[in-house]
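S.K.: To start, I am sharing the structure in question, which I have written as structure tokens.
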Amino acid sequence: MKIQLQSIGTIHSPYLPGLPIPHQPPENAPGEFWITLDPEYQAGLDQLLTYRYLYVFFYLDQIKENINLHIHPSWAPEIEVGIFASRSPKRPNPIGLSIVELKGIEGNEILISGIDVYNGTPLLDLKPYIRAIDLKSDANDGWFDQLQDKDHLVAHMLGLQHEHEHEHTHVHNQEHSHKQAHHTHVPSSPKLSRSLRVTSKKTSQK
Numbered sequence: 001m002k003i004q005l006q007s008i009g010t011i012h013s014p015y016l017p018g019l020p021i022p023h024q025p026p027e028n029a030p031g032e033f034w035i036t037l038d039p040e041y042q043a044g045l046d047q048l049l050t051y052r053y054l055y056v057f058f059y060l061d062q063i064k065e066n067i068n069l070h071i072h073p074s075w076a077p078e079i080e081v082g083i084f085a086s087r088s089p090k091r092p093n094p095i096g097l098s099i100v101e102l103k104g105i106e107g108n109e110i111l112i113s114g115i116d117v118y119n120g121t122p123l124l125d126l127k128p129y130i131r132a133i134d135l136k137s138d139a140n141d142g143w144f145d146q147l148q149d150k151d152h153l154v155a156h157m158l159g160l161q162h163e164h165e166h167e168h169t170h171v172h173n174q175e176h177s178h179k180q181a182h183h184t185h186v187p188s189s190p191k192l193s194r195s196l197r198v199t200s201k202k203t204s205q206k
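This is the structure in structure tokens:
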């Protein structure tokens, strides 16, 4: 069955296409993050501000690679898993999902916390995160529990500052690799200039 979807808005972030992008940026990630909803859908935002968190569905329009049903996650290249047991963006249908904090609404613009998408990513849908329904107290970490360096890898995925207490060599993502006995890793990311934000807003409103 062939299904057609259309974007309902645009996601804005400090991350420019073609440049490295952090995995799972923390809620306080540097830079500005917001969604411009197409004006015809603005009425659908009524009562959304009563929630603290949102599900953001988006189209991964920058994914060009061929799809493999088995992959080696970038954070654990020694492990092979099925594509549906991973968070890889290279999927049969390139649809992304993130949970973000809702910081405010100004007209048809939604201010949010950090999200790992490129500036200009097409928005597909928004849904509220409802604690009474969505919180699963017995959730687990699946194959992540098999990783010997699980806590360290999770810290990198979440963009958290942390120290390396032992010598090791591995590739975290396309941005860097390292081999050091002890160092503190501080995540960094490019920042969105004020002029870019203004340009993005004008473009999205045309």
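Residues in the sequence shown are numbered consecutively from 1, following full-length UniProt numbering. Virtual Cβ for every residue (Gly too), placed ideally from N, Cα, C.
1) Am I right that P14 and Y59 are in contact with their C-beta atoms under 8 Å? What's the rounded C-beta distance?
2) Please report the residue range of the beta strand (DSSP E) in which I99 lies.
3) Which whole-angstrom value describes the C-beta separation of I110 and W34, a residue pair presumed to lie in contact below a C-beta threshold of 8 Å?
4) Which class does K150 belong to by DSSP, given the choice of helix, strand or coil?
5) What do you get for H12, buried or exposed, if any count of 16 or more other CB atoms within 10 angstroms of its CB means buried?
6) In its own chain, which residues sit with a C-beta less than 8 Å from the C-beta of T203, not counting the 5 before and 5 after it?
7) Cutting at 6 Å between CB atoms, please list the residues of its own chain near D125, excluding the five before and the five after it.
8) Taking the straight line between their C-alpha atoms, what separation do you get for L122 and E80?
9) Under the three-state reduction of DSSP, which class applies to E109: helix, strand or coil?
10) Buried or exposed for N108, going by 16 or more other Cβ atoms inside 10 Å?
11) Rounding to the nearest angstrom, what Cα-Cα distance links P115 and A76 in this structure?
12) Roughly how many angstroms lie between the CA atoms of V154 and T50, to the nearest whole one?
13) Find the nearest neighbour of E32 within the set V100, S74, P39, judged by alpha-carbon distance.
14) Could you check which residue in F144, K103, S88 has the C-alpha nearest to that of I67?
15) Roughly how many angstroms separate the alpha carbons of K103 and I112, rounded to a whole number?
16) Straight-line CA distance for K64 to A132?
17) What's the gap between the Cα of K90 and the Cα of D151?
18) Does G9 come out as helix, strand or coil in the three-state DSSP assignment?
M.R.: In brief:
1) Wrong, their Cβ atoms sit about 19 Å apart, outside the cutoff.
2) 95-106
3) 6 Å
4) helix
5) buried
6) Any reading at T203 must be qualified, since the residue scores a pLDDT of 40, below 50, and its modelled position is unreliable; the value itself is stated next. If we look at T203 and ignore the five residues flanking it on each side, it has no Cβ neighbours.
7) F57
8) According to the sequence as given, residue 122 is Pro; it is not Leu. Rounded to the nearest angstrom, the two C-alpha atoms are 30 Å apart.
9) strand
10) By the Cβ-count criterion, N108 is buried, with 16 or more other Cβ atoms from all chains shown falling within 10 Å of its own Cβ.
11) Note on residue identity: the sequence assigns Ile, not Pro, to residue 115. Separation of I115 and A76 (C-alpha to C-alpha, rounded to the nearest whole angstrom) is 22 Å.
12) 31 Å
13) V100
14) S88
15) 5 Å
16) 38 Å
17) Between the alpha carbons of K90 and D151 lies a distance of about 25 Å.
18) Of the three classes helix, strand and coil, the one that applies to G9 here is strand, per DSSP.
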